[in-house]
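Asks: Per the working numbering, the sequence shown runs over residues 4 to 262. Supplied in structure tokens, the structure appears directly below.
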Amino acid sequence: MKKNFMIFCLLFSLISFSQNEQIVTMHAVLIEGDLKAFEEVETMYMQKVAQKATERGDISAWNFLKALQFDSLNDESNFNYLFVQGNSSIEKTLDPKNSWWNLASEVLSLDEQKRVEELRSKFTWKKDVKVMYTIDTGIWLVDSLDDYQNTFIQFNFAKPKNSELFIKENKELWQPFFEEIASDINLISWGVGTKIHPTGEEWSNVMTWDMFKSLTDLFKFRLGENIVWPVEKSNMSEINPEGFSTVAVWQWITGAASN
């Protein structure tokens, strides 16, 4: 379980602790300018720093994802990258060591630090938002980070009438269902989490995710190809009558987790 949860948070998400203690912070950002420069910073340099942080036990895992876009335009209103960070407890999440990027001067050479500064001059962080969830349950069907290459994940956000019943049905009905059909639909991860922060009328309070080996697999899932849904056993139309308020698709780019 420990290895699988870290891989979730490498994904997820991204541990042999109780899953109820796992905290995931999702940090969505809008980057403008030279996106290739931004991706080089994160994949070539910050990944090394995050890896060091996981090996030290400061964080459980870190992931870098890119929003799915069907054209080359950068929509000024949409976040285009996502960081997903995992911690083993709320104490770890609030610990100053959680700010792992402060290790950059220890991990990167002077030449690498100079290169990062040069690259960062080419793009701008326009806006960002952070949300925090505790993971209630999940399925992780990969063995290493290499298995995440070219994979896609969708996050589904909702504000059900009763969050406890939402989590309960996902555990008792949908988790066994997805475990049974996972290999048939190339599902490599699924799960559900409860929002910790922020909360309020304008925020969803639960989240689920579905992760697949390819974008084709994900869209076939959306279309329900070769899937017989157990709708007769579900009370979700009463528990969550409004459905998911937002469904966002991301491509996994890179990540870090302890061995």
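Using N, Cα and C, we set each Cβ at its ideal position, and we do this for glycine too.
Could you tell me if L14 is buried or exposed, where buried requires 16 or more neighbouring beta carbons within 10 angstroms of its beta carbon?
Replies: The residue you call residue 14 lines up with position 11 of the sequence shown. Reliability of the predicted coordinates at L14 is poor, the pLDDT of 49 falling under 50, and the value obtained from them is presented with this limitation in mind. With 16 or more Cβ atoms within 10 Å of its Cβ, L14 is classed as buried.
Asks: Could you tell me the distance, in whole angstroms, from the CA atom of L144 to the CA atom of Q54?
Replies: The sequence position of residue 144 within the sequence shown is 141, counting from 1. The sequence position of residue 54 within the sequence shown is 51, counting from 1. So the alpha carbons of these two residues sit roughly 22 Å apart.
Asks: With respect to the alpha helix (DSSP H) encompassing T57, which residues constitute its N-terminal and C-terminal limits?
Replies: As a first step, residue 57 must be located in the sequence shown, where it is residue number 54. 50 to 59 is the extent of the alpha helix (DSSP H) around T57.
Asks: Do N66 and W255 come within 8 Å of each other at the CB atom, strictly closer than that value?
Replies: The residue you call residue 255 lines up with position 252 of the sequence shown. The residue you call residue 66 lines up with position 63 of the sequence shown. In this structure, N66 lies closer than 8 Å to W255 by Cβ.
Asks: Let me check understanding here. Comparing Cα to Cα, which of T211, S63, K39 lies closest to S166?
Replies: Here residue 166 is taken as the residue at index 163 of the sequence shown, counted from 1. Closest by alpha carbon: T211.
Asks: Quick check on P179: buried or exposed, where buried means 16 or more other Cβ atoms within 10 Å of its Cβ?
Replies: Within the sequence shown, the letter at position 176 stands for residue 179. Per the 10 Å Cβ criterion, exposed.
Asks: How long is the line joining the alpha carbons of M4 and T249, rounded to whole angstroms?
Replies: If you number the sequence shown from 1, residue 4 lands on position 1. If you number the sequence shown from 1, residue 249 lands on position 246. Annotation note: pLDDT 41 at M4 (below 50); position unreliable, coordinate value reported separately. Straight-line Cα distance between these residues: approximately 29 Å.
Asks: Buried or exposed, going by whether 16 or more other CB atoms sit within 10 Å of the CB of I62?
Replies: Working through the sequence shown from its first residue, we reach residue 62 at position 59. Result: buried.
Asks: In whole angstroms, give me the CA-to-CA distance for A251 and I156.
Replies: Locating residue 251 in the sequence shown gives position 248, where the first residue counts as 1. Locating residue 156 in the sequence shown gives position 153, where the first residue counts as 1. Between A251 and I156, the C-alpha separation is close to 8 Å.
Asks: Whole angstroms is fine: what's the gap from W2's alpha carbon to N243's?
Replies: Not covered by the structure: residue 2. The range shown for the chain is 4 to 262.
Asks: Are the beta-carbon atoms belonging to A161 and F247 less than 8 Å from one another?
Replies: Taking the sequence shown and counting its residues from 1, one reaches residue 161 at position 158. Taking the sequence shown and counting its residues from 1, one reaches residue 247 at position 244. Yes, Cβ-Cβ distance for A161 and F247 is below 8 Å.
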